[in-house]
Structure formats: C-alpha cells, structure tokens
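The structure under discussion appears below in the form of structure tokens.
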Amino acid sequence: MRRTPVIAGNWKMYKTKDDALAFIYAVNLEVPEFEKVETVICAPSIFLRDLVKREGENLKIGAQNMHYLDEGAYTGEVSAPMLRSYGVDYVVIGHSERRAYYNETDESVNLKAIQAIKYDLTPIVCCGESLEIREAGTTNDFVKQQVIKAYQNIPAEDVLKTIIAYEPIWAIGTGRTATPEQANETIQAIREVIKSLYGEKISEQLRILYGGSVNPKNVDSLIAMPDIDGALVGGASLDPTSYLTLVKAALKK
Ligand code: PGA
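Residues -1 to 251 in this note's numbering are what the sequence shown spells out, letter by letter.
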C-alpha cells in the first residue's frame, strides 16, 4: 500500500508579507498533483489568510501551533476553530522549539492533537530526542514514550487523520542531518509503537516524516528509505527553488 509522501515546509519566524506571497506565486503552479505529493506550507499565523486565499489545488497551508481550547482569555493565542474558519488544513503540533521555549509538554501536545482532529485540521505531531539522549543510546525508548503520550485518547479511527514528524533536536537547523539509516531506524520504532497501540494496518498506513536539516542535497537518500514518508523542512523550505526540489524528490517515492 502506497503512503502518499508529504513535504511540509515550516517557515518558523521568517519572511514578511511580500516574500510570503512571492513564494506562493512561485510554487503554486509548479507543485505536482496533491495525490502524488502532499505539498504543505506551515506559515506564521499572520500570513495564513493571504496564503490560503492564493493556494492552488495542489498546495495546502498549515499553521505552526494553536491552542487546545476552543476560545478563552489567552492573549496572543490562535484557536483551532479560527484556523478552520480561514480554511487552514494542517497544523504543526509539539515542534521541539515550542517544547523548548514555550512550555509545550507531552500533555499539551496530546490535547492539541485531539483538538486539531476535532476541527478537521491535520496535526503534524512532532517528536524527537536531544543529543544527550541520542548519545546515551535511549533514543527509541524516549521517542516511543513521546508518541504514546501524544496519542492518548485518540481512537483508532482518527489516527490516519494525523501525521508524525520525527525530528531529532540535534539535527534541526544545525546542518547536521541524521543519516538515512538512523532516521529510518527511529521511524521504524515509531511505527512499531503505533502498531502496538492500533494494529498493523494503521501502522502501515500512517505517514511518518523525517525533519532536521533536510535539503536538496540529502533529500533523495532520506526519501529513499522505506519508512520515511516525506519531510518537515525548515531552512530549505524558504526558497521556492529549493522547496520545489524537495517536492520533486518526493515524487520518486
Ligand atoms: P531545519 O528545520 O530543516 O531548518 O533543520 C526543521 C524543522 O524545524 O522542522
């Protein structure tokens, strides 16, 4: 069974309005059919409305974070119903930068994933270990625990509405990529944990991405690995040509 590959750009806190729009104009007509590669740009929330208005059939827009409640007195936050009402389709949940700088916890990641599903947003649920954990040799156990906690109270019928992104923290924005074998091995471990929770069929259908210094040079070898279903990409998603190279690489999947 083929898993449709996903190339999700994560712009983080980069670009201004004109750059964001120029990017969309440059890639909109160049991306392949959505059934071949799910092409997603996760942008700062201030750009979302303009990007959704201009997205073509084969490009979808995502947010980088959201709150787990419908509404409330939470200054500066954005809710799932707000994203849905603007036609946003994806949301990154539990990125390691949010875990490190904004008190994101396994519990809030879980609540946000549930909330995203409720509002028909596809959560891209992030997990990944620090260098310390990698060097201690406990990566797979650590990541498995993150996944178990993230999927608490998510019923089997909702699992395929989600995507997982495995992003080793030591590889994010550092230019130091996990080797394709390292990435595939941990992603396999994640698939095993999903299998133990939800059974083989779901584990074989769930898309699991790799993230961490993916670029036009290393993308082919990562994408070629059997368990890697695409990439969550920061730096290399900012430039249209570079981003399109990644999307084209995913076409070979
Ligand atoms: P990077 O970021 O590609 O710049 O390493 C990946 C991410 O943070 O999602």
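Glycine included, every Cβ here is placed at the ideal spot set by N, Cα and C.
These numbers come from a predicted model, not from an experiment.
Query raised in the report: Does the ligand PGA have a heavy atom nearer than 6 Å to the CB of D70?
Result: One-based indexing of the sequence shown puts residue 70 at position 72. Before going further, note that residue 70 is Gly rather than Asp in the sequence given. G70 Cβ: outside cutoff for every heavy atom of the ligand PGA.
Query raised in the report: Going by the CB atoms, is the gap between Y164 and G126 shorter than 7 Å?
Result: Counting from one through the sequence shown, the residue named residue 126 turns up at place 128. Counting from one through the sequence shown, the residue named residue 164 turns up at place 166. Cβ distance < 7 Å, so G126 and Y164 count as in contact.
Query - Supposed close pair G7, V38 - CB separation, criterion 8 Å - result: Here residue 7 refers to the residue found at position 9 of the sequence shown. Here residue 38 refers to the residue found at position 40 of the sequence shown. Contact holds; Cβ gap of about 7 Å.
Query raised in the report: With a CB to CB cut of under 8 Å and the five nearest residues on each side skipped, what residues in its chain are close to E95?
Result: As a first step, residue 95 is located in the sequence shown; it is residue number 97 there, counting from the start. Excluding residues within five positions, the ones whose Cβ falls inside 8 Å are K10 and I170.
Query raised in the report: Excluding five sequence neighbours on each side, which residues of the same chain lie with their C-beta closer than 7 Å to the C-beta of A248?
Result: As a position in the sequence shown, residue 248 is number 250, starting the count at 1. P3, I5, V35, I221 and G228, listed in sequence order.
Report task. Entirely within the region 134 to 203 and at least 3 residues each: give me those beta strand (DSSP E) ranges in chain order. Result -> 161 to 164
Requested in this report: Could you have a look at E299 and say whether DSSP puts it in helix, strand or coil?
Outcome: Absent from the model: residue 299. The displayed extent of the chain is -1 to 251, so no value can be given.
**Report entry** Distance between V89 and L49 (C-alpha atoms, nearest Å)
**Finding:** Locating residue 49 in the sequence shown gives position 51, counting from the first residue. Locating residue 89 in the sequence shown gives position 91, counting from the first residue. So the alpha carbons of these two residues sit roughly 14 Å apart.
Report task. Go through its chain and collect everything with a Cβ distance to A41's Cβ below 7 Å, but skip five positions before and after it. Result -> As a first step, residue 41 is located in the sequence shown; it is residue number 43 there, counting from the start. Excluding residues within five positions, the ones whose Cβ falls inside 7 Å are W9, A18, L49 and I59.
**Report entry** Between the CA atoms of N108 and L149 - distance to the nearest angstrom
**Finding:** As a first step, residue 149 must be located in the sequence shown, where it is residue number 151. As a first step, residue 108 must be located in the sequence shown, where it is residue number 110. The sequence as given places Tyr at residue 149; Leu does not occur at that position. Distance between the alpha carbons of Y149 and N108: 6 Å.
**Report entry** Straight-line gap, E133 to H93 (C-alpha atoms, nearest Å)
**Finding:** Within the sequence shown, the letter at position 135 stands for residue 133. Within the sequence shown, the letter at position 95 stands for residue 93. Roughly 21 Å separates the two Cα atoms.
Query - Other residues of its chain near E70: CB distance less than 7 Å, five sequence neighbours each side excluded - result: Here residue 70 refers to the residue found at position 72 of the sequence shown. As written in the sequence, residue 70 is Gly, which differs from the Glu given in the question. No residues qualify anywhere along the chain.
Query raised in the report: If you drop the 5 nearest sequence neighbours on each side, which residues of the same chain put their C-beta closer than 8 Å to that of L207?
Result: Walking along the sequence shown from the start, residue 207 turns up at place 209. For L207, where only same-chain residues beyond five positions count, the Cβ hits under 8 Å are V4, A6, I122, I161, I162, A163, Y164, I226, D227, G228, A229 and L230.
Query raised in the report: Under three-state DSSP, which class holds I122?
Result: The residue labelled residue 122 in the question sits at position 124 within the sequence shown. Note: I122 maps to strand in three-state DSSP.
Report task. Pick out the complete beta strand (DSSP E) segments inside the region 212 to 243, 3 residues or longer, and give them in chain order. Result -> 228 to 231
Requested in this report: Verify the contact flag: K231, CB atom, against every heavy atom of the ligand PGA, threshold strictly below 6 Å.
Outcome: For the purposes of this step, residue 231 is identified with residue 233 of the sequence shown, where counting begins at 1. At residue 231 the sequence reads Val, which differs from the Lys that was named. Checking the Cβ of V231 against the ligand PGA gives yes.
Query raised in the report: Can we count G171 as close to the ligand PGA, meaning its CB is less than 6 Å from some heavy atom?
Result: Start at 1 with the first residue of the sequence shown, and residue 171 comes out as number 173. The answer is yes for G171.
Requested in this report: State the DSSP-derived secondary structure class of V89, mapped to helix, strand or coil.
Outcome: Working through the sequence shown from its first residue, we reach residue 89 at position 91. Strand, per DSSP.
Query raised in the report: If you draw a straight line from the alpha carbon of V191 to that of L129, how long is it in whole angstroms?
Result: In the sequence shown, the residue the question calls residue 191 occupies position 193. In the sequence shown, the residue the question calls residue 129 occupies position 131. If I take the Cα positions, the gap works out to 22 Å.
Requested in this report: Report the three-state DSSP secondary structure of E130 (helix, strand or coil).
Outcome: Against the sequence shown, residue 130 aligns to sequence position 132. It is helical.
Requested in this report: Could you spell out the range, first to last residue, of the alpha helix (DSSP H) harbouring N26?
Outcome: If you number the sequence shown from 1, residue 26 lands on position 28. Segment K15 to N26, the alpha helix (DSSP H) holding N26.
Query raised in the report: Say the cut is 6 Å; is the CB of S219 nearer than that to a heavy atom of the ligand PGA?
Result: Position 221 of the sequence shown, counting from 1, holds the residue named residue 219. Checking every heavy atom of the ligand PGA against the Cβ of S219, none is found closer than 6 Å.
Query raised in the report: Name the DSSP bridge partner or partners of Y208?
Result: Here residue 208 corresponds to residue number 210 of the sequence shown, with the count starting at 1. Answer by DSSP bridge pairing, in chain order: Y164 and A229.
Requested in this report: Determine the direct distance from the alpha carbon of A114 to that of G173, and round the result to whole angstroms.
Outcome: Your numbering for residue 173 matches position 175 in the sequence shown. Your numbering for residue 114 matches position 116 in the sequence shown. Taking the straight line joining both Cα atoms gives about 31 Å.
Requested in this report: Identify whether V4 lies in helix, strand or coil by the three-state DSSP scheme.
Outcome: As a working mapping, residue 4 is identified with position 6 in the sequence shown. In the structure shown, V4 sits in a strand (DSSP, three-state: E or B).
Query raised in the report: Got a sec: does the ligand GDP put a non-hydrogen atom nearer than 6 Å to the Cβ of G210?
Result: As far as ligands go, the structure on display features the ligand PGA and does not contain the ligand GDP.
Query raised in the report: Roughly how many angstroms separate the alpha carbons of G197 and N182, rounded to a whole number?
Result: Start at 1 with the first residue of the sequence shown, and residue 197 comes out as number 199. Start at 1 with the first residue of the sequence shown, and residue 182 comes out as number 184. Straight-line Cα distance between these residues: approximately 20 Å.
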